[in-house]
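K.L.:
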Amino acid sequence: MALRLRAMRRVLKPTGSIYLHCDPTASHYLKLVMDAIFGRKNFRNEIVWCYHGPGSPRMRQFNRKHDVIFWYNFGKSWTFNRDDVRVPYKDPKQMPRRAFDTGTSFDPEQIEAMRNRGKVPEDWWQHRIAVRSKTERTGYPTQKPLGILERIIKASSNPGDIVLDPFCGCGTTVHAAEQLNRRWIGIDISKFSTGLIRDRILHNFKYLNADDIDMRGIPETVAEARDLARSDAFEFEKWVCGYIGAEGMFREPGEKGADGGVDGVLKFFPVREGKKMKPEYAIVQVKGGNVSPDAVKALHETVRRYEATAGVMVCFADQLGTVENQRVKATFRDAWGSYPVIQGYSIEALLDDSRGLDLPLYGYKRRGARLM
Ligand SMILES: C[S@@+](CC[C@H](N)C(=O)[O-])C[C@H]1O[C@@H](n2cnc3c(N)ncnc32)[C@H](O)[C@@H]1O
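Numbers given in the working numbering equal positions in the sequence shown, counted from 1, plus 159.
Structure (structure tokens):
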């Protein structure tokens with residue numbers, strides 16, 4: 160962490176700021192690290208983000224429902240757009256006393272103007288967590304709410320500035336930055352996050368095309384995909400899941416068991432006559448090497464065990480023959496057609512975007528009403 164923070168200091172503009180989010184189990188250690196790297200005098204705020212949320216109540220202590228965000232800068236002056244982050248006063252009594260010093264009676268117009276202008280927020284923010292928001296939820300386990308990132312970016316940068324998030328996860332920072340007309344760079348060690356962010360950005364900002372997003376460090380050719388499959392099977396799996404829009408299983412490397420051999424789960428939306436559209440699920444299996452006949456049969460078994468609608472075997476094109484020969488030939492239907500219960504999908508198709516999966520309204524929620 161210290162190395163990454165030093166690298167951040169190196170690239171920070173003189174008027175720039177760094178915000179470090181952590182939870183209270185680490186915040187006291189990280190503040191010392193931040194003091195050492197950015198200097199105590201450059202500490203601006205410790206923002207306490209409070210929320211309600213799920214979690215089992217603790218019997219012998221208070222429930223932990225806040226996170227900590229440290230704000231530091233590293234120059235003599237720093238951007239702080241106080242007027243862009245004002246929030247309305249809820250209660251006129253909270254307003255500065257000057258508003259009332261106009262005589263014995265209130266001046267209603269002045270009070271209204273003050274109320275509209277609002278106040279600069281305190282250093283504690285109440286904001287719901289992202290999983291509570293149907294419109295924001297991506298399925299990424301540590302997703303942060305957009306509102307928090309928007310406030311930070313508005314306060315400490317101007318349109319056209321560059322926002323960098325070196326642990327960008329599902330891309331909340333880059334989403335907020337794009338929305339606020341900033342340029343952005345996201346970095347994440349997980350290859351799952353790259354595909355997820357690409358989808359998230361293309362879905363939310365229709366003026367952008369895939370080519371507008373410069374993706375680095377992920378396979379662009381079949382040879383690179385094979386290299387990744389050979390060198391890190393787990394990251395290969397996550398990269399594929401992120402790209403086809405499947406929710407990964409978020410296992411630790413090497414961890415087996417609870418996932419039951421499921422590498423990812425895809426949501427799609429069959430159109431059934433006279434029925435409200437409800438999501439159904441396809442189990443995703445990713446194979447970077449040979450696909451054995453048993454693996455194809457096992458996928459069908461997994462689909463049955465989890466009561467999913469379909470199963471997708473993602474592999475290199477030279478293995479598709481085995482999938483085709485060994486798969487059960489059953490199909491399922493919706494109002495628009497019929498689809499194979501078990502299907503193969505090649506890394507080659509994934510890379511050149513030539514063909515989507517044969518599932519109804521797949522990608523509908525992620526990318527808008529786009530059929531793949
Ligand atoms: C707490 S999450 C960030 C969540 C993010 N703010 C969002 O809204 O999705 C931390 C992220 O850091 C990534 N990460 C962990 N170690 C890393 C490293 N050494 N370099 C880059 N990213 C890393 C993880 O993959 C994870 O996505």
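Beta carbons are placed, not taken as given, at the ideal position from N, Cα and C, and that holds for glycine.
Any heavy atom of ligand 1 closer than 8 Å to the beta-carbon of G433?
P.N.:
For the purposes of this step, residue 433 is taken as the residue at position 274 of the sequence shown. Flag unset: Cβ of G433 not near ligand 1.
K.L.:
Entirely within the segment 178-229 and at least 3 residues each: give me those beta strand (DSSP E) ranges in chain order.
P.N.:
The segment 178-229 contains these whole beta strand (DSSP E) runs: 202-209.
K.L.:
Can you have a look at H187 and say buried or exposed, based on whether 16 or more other CB atoms are within 10 angstroms of its CB?
P.N.:
Sequence index remark: in the sequence shown, residue 187 carries index 28 (1-based). Exposed is the call here.
K.L.:
The alpha helix (DSSP H) spanning D493 covers which residue range?
P.N.:
Sequence index remark: in the sequence shown, residue 493 carries index 334 (1-based). Careful: D493 lies outside any alpha helix (DSSP H), inside the beta strand (DSSP E) at 490-493.
K.L.:
Go ahead and label L520 buried or exposed: buried means 16 or more other beta carbons lie within 10 angstroms of its beta carbon, across all protein chains shown.
P.N.:
As a first step, residue 520 is located in the sequence shown; it is residue number 361 there, counting from the start. By the 10 Å Cβ count, L520 comes out buried.
K.L.:
Within 10 Å of its beta-carbon, does E466 have 16 or more other beta-carbons around it, so buried, or fewer, so exposed?
P.N.:
In the sequence shown, residue 466 corresponds to position 307, counting from 1. With fewer than 16 other Cβ atoms within 10 Å, it is exposed.
K.L.:
For the candidate residues R199, T461, Q478, A161, whose alpha-carbon lies nearest to that of D422?
P.N.:
The sequence position of residue 422 within the sequence shown is 263, counting from 1. Closest option to D422, Cα to Cα, is T461.
K.L.:
If you reduce the DSSP assignment to three classes, tell me which class S176 lands in.
P.N.:
One-based indexing of the sequence shown puts residue 176 at position 17. Strand, per DSSP.
K.L.:
So what's D324 in DSSP terms, helix, strand or just coil?
P.N.:
Working through the sequence shown from its first residue, we reach residue 324 at position 165. Looking at D324 - three-state DSSP - the assignment turns out to be strand.
K.L.:
Spatial neighbours of G413 within its chain, please: C-beta separation below 6 Å, excluding the five flanking residues on both sides.
P.N.:
Within the sequence shown, the letter at position 254 stands for residue 413. Summary for G413: the model assigns pLDDT 49, below 50, so the residue's position carries little reliability; its value from the coordinates is reported in the next sentence. Nothing listed; no residue qualifies.
K.L.:
What is the rounded straight-line gap between the Cα of G401 and the Cα of M254?
P.N.:
By one-based count along the sequence shown, residue 401 stands at place 242. By one-based count along the sequence shown, residue 254 stands at place 95. The alpha-carbon atoms of G401 and M254 are separated by roughly 48 Å.
K.L.:
Which whole-angstrom value is the C-beta distance of G297 and L355, which I expect to be below 8 Å?
P.N.:
The sequence position of residue 297 within the sequence shown is 138, counting from 1. The sequence position of residue 355 within the sequence shown is 196, counting from 1. Note that residue 297 is Thr in the sequence shown, not Gly. Right, their Cβ atoms sit about 6 Å apart.
K.L.:
Roughly how many angstroms lie between the CA atoms of V207 and A369, to the nearest whole one?
P.N.:
To locate residue 207, count along the sequence shown from 1; it is residue 48. To locate residue 369, count along the sequence shown from 1; it is residue 210. Spanning the two alpha carbons is a distance of roughly 36 Å.
K.L.:
Is the beta carbon of E309 closer than 9 Å to that of A289?
P.N.:
Within the sequence shown, residue 289 is the residue found at index 130, counting from 1. Within the sequence shown, residue 309 is the residue found at index 150, counting from 1. No, they are not a contact pair.
K.L.:
Can you give the Cα-Cα distance for R492 and S451, rounded to whole angstroms?
P.N.:
The residue you call residue 492 lines up with position 333 of the sequence shown. The residue you call residue 451 lines up with position 292 of the sequence shown. Approximately 28 Å, taken between the alpha carbons.
K.L.:
Report buried or exposed for E205, applying the criterion of at least 16 other Cβ atoms within 10 angstroms of its Cβ.
P.N.:
Taking the first residue of the sequence shown as position 1, residue 205 is located at position 46. So E205 counts as exposed.
K.L.:
Among the residues of its own chain, which have a CB less than 8 Å from the CB of I360, if the five just before and after it don't count?
P.N.:
What you label residue 360 is simply residue 201 of the sequence shown in a count that begins at 1. Around I360: G330, V333, H334, E337, L367, I372.
K.L.:
Specify, as a first and last residue, the run of the alpha helix (DSSP H) that W398 falls within.
P.N.:
Translated into positions along the sequence shown, residue 398 becomes position 239. Start and end: 392-403.
K.L.:
State the beta-bridge partners of F427 as determined by DSSP.
P.N.:
Numbered from 1 along the sequence shown, position 268 holds the residue referred to as residue 427. Bridge partners of F427: E439.
K.L.:
Once you ignore the five residues that flank R325 on each side, which residues in its own chain have a CB closer than 7 Å to its CB?
P.N.:
Looking up residue 325 in the sequence shown gives position 166. This sequence places Pro at residue 325; Arg is not what is there. Result list for P325: R163, M167, I346, in chain order.
K.L.:
Using only CA atoms, which one of A382, H362, G448 lies nearest to E396?
P.N.:
As a first step, residue 396 must be located in the sequence shown, where it is residue number 237. Closest by alpha carbon: G448.
K.L.:
The beta strand (DSSP E) that contains P499, what's its start and end?
P.N.:
On the sequence shown, position 340 is the one that residue 499 refers to. Looking at the DSSP string, the run of the beta strand (DSSP E) that includes P499 is 496-499.
K.L.:
Classify A405 as buried or exposed, calling it buried when 16 or more other Cβ atoms lie within 10 Å of its own Cβ.
P.N.:
Translated into positions along the sequence shown, residue 405 becomes position 246. Result: buried.
K.L.:
Span of the alpha helix (DSSP H) holding Q338?
P.N.:
By one-based count along the sequence shown, residue 338 stands at place 179. That run of the alpha helix (DSSP H) goes 331-338.
K.L.:
With distance defined between alpha-carbon atoms, name the residue in Y498, P429, Y231, E379 nearest to A508.
P.N.:
The sequence position of residue 508 within the sequence shown is 349, counting from 1. With distances taken between Cα atoms, A508 lies closest to E379.
K.L.:
Give me, in chain order, the residues of the same chain whose beta-carbon lies closer than 8 Å to that of Q302; leave out the 5 immediate sequence neighbours on both sides.
P.N.:
Locating residue 302 in the sequence shown gives position 143, counting from the first residue. Same-chain partners within the cutoff: A289, V290, E295, R296, G328, C329, T331.
K.L.:
So, with DSSP's three-state summary, where would you put K415?
P.N.:
Counted from its first residue, the sequence shown places residue 415 at position 256. The predicted position of K415 is uncertain, since its pLDDT is 47 and thus under 50; a value taken from the coordinates is nonetheless stated next. Correct three-state label for K415: coil.
K.L.:
Can you tell me the Cβ-Cβ gap for A489 and G470, rounded? I've got them flagged as a contact below 8 Å.
P.N.:
Here the question's residue 489 lines up with position 330 in the sequence shown. Here the question's residue 470 lines up with position 311 in the sequence shown. Incorrect: roughly 11 Å between the Cβ atoms, too far for contact.
K.L.:
Let's see if you can read the secondary structure: which residues bound the beta strand (DSSP E) around R342?
P.N.:
Within the sequence shown, numbered from 1, the residue matching residue 342 stands at position 183. Note, R342: beta strand (DSSP E), 342-345.
K.L.:
With respect to the alpha helix (DSSP H) encompassing V170, which residues constitute its N-terminal and C-terminal limits?
P.N.:
Along the sequence shown, one-based indexing puts residue 170 at 11. V170 -> alpha helix (DSSP H) spans 161-170.
K.L.:
Can D324 be considered in contact with ligand 1, in the sense that its beta carbon sits closer than 8 Å to one or more heavy atoms?
P.N.:
Translated into positions along the sequence shown, residue 324 becomes position 165. Checking the Cβ of D324 against ligand 1 gives yes.
K.L.:
Please work out which residues of its chain come closer than 8 Å, Cβ to Cβ, to Y248, disregarding the five sequence neighbours upstream and downstream, and give them in chain order.
P.N.:
On the sequence shown, position 89 is the one that residue 248 refers to. Excluding positions up to five away in sequence, the list reads M254, M273, R274, G277, K278.
K.L.:
To the nearest angstrom, how far is it from the Cα of K415 to the Cα of D282?
P.N.:
Indexing the sequence shown from 1 puts residue 415 at position 256. Indexing the sequence shown from 1 puts residue 282 at position 123. Low confidence applies to K415: its pLDDT is 47, below 50, so where it sits in the model is not reliable enough to give any reading.
K.L.:
Taking contact to mean at least 3 C-beta pairs separated by less than 8 Å, is the segment 494-504 in contact with the segment 378-393?
P.N.:
Short answer: they don't touch.
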